[in-house]
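Engineer: In our numbering, the protein residues as written are 23 to 127.
Glycine residues also receive a C-beta, built at the ideal position from the N, C-alpha and C atoms.
Below are the structure tokens for one structure; questions will follow.
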């Protein structure tokens, strides 16, 4: 079993290609995403979009992946500017408390 700690599903940052967008209404893309996880033997995956936690998308994929026995965990990649340096801070959220974030998003 593999663990994917770094999965983007939305083009958020400037310069990210729109092909990164995984629209939950696009059955073909959703099926391909899930099929790829299965083919790569991924048992745990974290969605870590830049500066965004999409609760609706997370809930959708959580339901879809549960059916395939793939655990989806919430995360976010936060871009931080420190003087002249750009820092990417990966954050994995506690599974049972991610909904509390909704009021901040």
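DSSP three-state label for residue 100, please.
Structural biologist: Correct three-state label for residue 100: strand.
Engineer: Check the C-beta distance from residue 44 over to residue 66 and give it rounded, since I have them as a contact under 8 Å.
Structural biologist: Wrong, their Cβ atoms sit about 18 Å apart, outside the cutoff.
Engineer: Near residue 40, what residues of its chain come up, given a Cβ to Cβ distance below 6 Å and the 5 sequence neighbours on each side ignored?
Structural biologist: Cβ within range, chain order: 33.
Engineer: Please classify residue 31: is it buried, with 16 or more other beta-carbons within 10 angstroms of its beta-carbon, or exposed?
Structural biologist: Per the 10 Å Cβ criterion, buried.
Engineer: Would you report the Cα separation of residue 70 and residue 47, rounded to the nearest angstrom?
Structural biologist: Going from the Cα of residue 70 to the Cα of residue 47 covers about 20 Å.
Engineer: Determine the DSSP secondary structure at residue 59, reduced to helix, strand or coil.
Structural biologist: Residue state, collapsed to three classes: helix.
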